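Undergrad: The structure's right below; bear with me while I get my questions together.
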Amino acid sequence: MPIHLLPQPSPVAPERAEDEDPAAIRFAGLRLVHAALRRDLARLPNALRLLQPGEDDKGEALLRHWDFVTAMLTCHHEQQDTRIWPIVRRFAPELRLLLNWLEADHHNLDHSFTRVTTLVRIASRDTGSIWPVAYAIEDLAARLETHLRIEERQLLPRMELVFTAHSRLGGLAELLDLLRSADGPGTADALAWLLEGVEPAAVERLLAECDDDVARSWPHWQSTYQRCTSPLWGPADDWEVVPD
Numbered sequence: 001m002p003i004h005l006l007p008q009p010s011p012v013a014p015e016r017a018e019d020e021d022p023a024a025i026r027f028a029g030l031r032l033v034h035a036a037l038r039r040d041l042a043r044l045p046n047a048l049r050l051l052q053p054g055e056d057d058k059g060e061a062l063l064r065h066w067d068f069v070t071a072m073l074t075c076h077h078e079q080q081d082t083r084i085w086p087i088v089r090r091f092a093p094e095l096r097l098l099l100n101w102l103e104a105d106h107h108n109l110d111h112s113f114t115r116v117t118t119l120v121r122i123a124s125r126d127t128g129s130i131w132p133v134a135y136a137i138e139d140l141a142a143r144l145e146t147h148l149r150i151e152e153r154q155l156l157p158r159m160e161l162v163f164t165a166h167s168r169l170g171g172l173a174e175l176l177d178l179l180r181s182a183d184g185p186g187t188a189d190a191l192a193w194l195l196e197g198v199e200p201a202a203v204e205r206l207l208a209e210c211d212d213d214v215a216r217s218w219p220h221w222q223s224t225y226q227r228c229t230s231p232l233w234g235p236a237d238d239w240e241v242v243p244d
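The opening residue of the sequence shown carries number 1 in the UniProt record's numbering; numbering runs sequentially from there.
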């Protein structure tokens, strides 16, 4: 990213540790999406490479999960571009060039994910094309990682100066509200995806941000999600992704 897009000077803010509890920090909804995208884009290529001829059901399941991940990314971008960025532009106009770049890159990433979706659709039915498709996903994951790090290191610390500590913007509850109003992933699958691998104590604090119906339904949502996705990844310990 060209350095002239980064507003100067930038106030110093503590940088979040990679293993910091998402329930204990600001904008947990945004950060949970980032963590879930990194997790799945790390394990999807390997799951594709293990796909064997005749495993049509597993291939279809991998394609459905890829479509789900892509839909969550699209919703994440919509949350930022339509709900969060306009407010940041108003109260921190010095960030406008950075926000313009991020928004444009959202569109580019969405197009890239659409192109890779076509490749994943082919690979789910033709194991002969699996390896180049897996490499395409890894290339896309590396590109997305650059975008996520710019948001986390350049923008989120500045957003802490714009939004009050009790603001719902960027939080988990606000993301679930957007999912309910959008024609996209269901709340149950989205929440289970976001909270996969999060420590139980942190899950409890995150659920406290949500309404009572979500908290009551969570155990059923979690068990259903695990039952549907465990055949894709195998034992959970085998698919643990260690942060860089």
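Cβ atoms here follow ideal geometry from the backbone N, Cα and C, with glycine treated the same way.
As the structure is a prediction and not an experimental result, all values here were calculated from the model.
In whole angstroms, give me the CA-to-CA distance for Ala208 and Arg216.
TA: Their backbone Cα atoms lie some 11 Å apart in a straight line.
Undergrad: How about the segment 179 to 190 and the segment 156 to 164: do they share at least three Cβ pairs that are nearer than 8 Å?
TA: Touching, no.
Undergrad: Helix, strand or coil, according to DSSP, for Leu73 in the structure here?
TA: In the structure shown, Leu73 sits in a helix (DSSP, three-state: H, G or I).
Undergrad: First and last residue of the alpha helix (DSSP H) that includes Ser217?
TA: Note, Ser217: alpha helix (DSSP H), Asp212 to Trp233.
Undergrad: With the cut-off set at 8 Å, would you say Leu102 and Glu151 are in Cβ contact?
TA: It is a contact, given that the beta carbons lie within the stated cut-off.
Undergrad: Mapping the DSSP letters down to three states, classify Leu169 as helix, strand or coil.
TA: Of the three classes helix, strand and coil, the one that applies to Leu169 here is coil, per DSSP.
Undergrad: Tell me which residues share the same chain as Arg168 and place their Cβ nearer than 7 Å to its Cβ, disregarding the 5 neighbours each side in the sequence.
TA: The residues are Glu174.
Undergrad: When we look at the beta-carbon of Thr224 and count the other beta-carbons within 10 Å, is it buried (16 or more) or exposed?
TA: Looking at its Cβ environment, which holds fewer than 16 other Cβ atoms inside 10 Å, Thr224 is exposed.
Undergrad: Would you kindly check if the distance between the Cβ of Leu206 and the Cβ of Leu176 is under 8 Å?
TA: It is not a contact, given that the beta carbons lie outside the stated cut-off.
Undergrad: Do Gly184 and Ile84 have their beta-carbon atoms positioned less than 8 Å apart in this structure?
TA: No. Outside cutoff.
Undergrad: Mapping DSSP to helix, strand and coil, what is Glu152?
TA: Three-state result, Glu152: helix.
Undergrad: Could you check if Ala182 is buried or exposed, using at least 16 other CB atoms within 10 Å of its CB as the buried criterion?
TA: The residue in question, Ala182, is exposed, as its Cβ has fewer than 16 Cβ neighbours within 10 Å.
Undergrad: Measuring straight from C-alpha to C-alpha, what distance separates Ala92 and Asn100?
TA: Using only the alpha carbons, I get a separation of about 13 Å.
Undergrad: Please go through the same chain and pick out, in chain order, the residues whose beta-carbon is closer than 7 Å to the beta-carbon of Cys210, but skip the five residues on each side of it.
TA: So the list reads Leu172, Ala173 and Leu176, once near-sequence residues are dropped.
Undergrad: Less than 7 Å between C-beta atoms, sequence neighbours within five positions excluded: which residues of the same chain meet that for Thr70?
TA: Correct list, in chain order: Phe113 and Thr117.
Undergrad: Determine the direct distance from the alpha carbon of Glu78 to that of Ala123, and round the result to whole angstroms.
TA: So the two alpha carbons sit approximately 29 Å from each other.
Undergrad: Confirm, please, whether the CB-CB distance from Gly59 to Arg125 is below 8 Å.
TA: Yes, Cβ-Cβ distance for Arg125 and Gly59 is below 8 Å.
Undergrad: Going by C-alpha to C-alpha distance, which of Val214, Ser230 and Thr146 sits closest to Val106?
TA: Before going further, note that residue 106 is His rather than Val in the sequence given. Cα-wise, what sits closest to His106 is Thr146.
Undergrad: By Cβ distance, which residues of its chain are closer than 7 Å to Pro45, with the 5 residues on each side in sequence left out?
TA: Counting only Cβ-Cβ distances below 7 Å, and skipping sequence neighbours, we find Ala134, Ile137 and Glu138.
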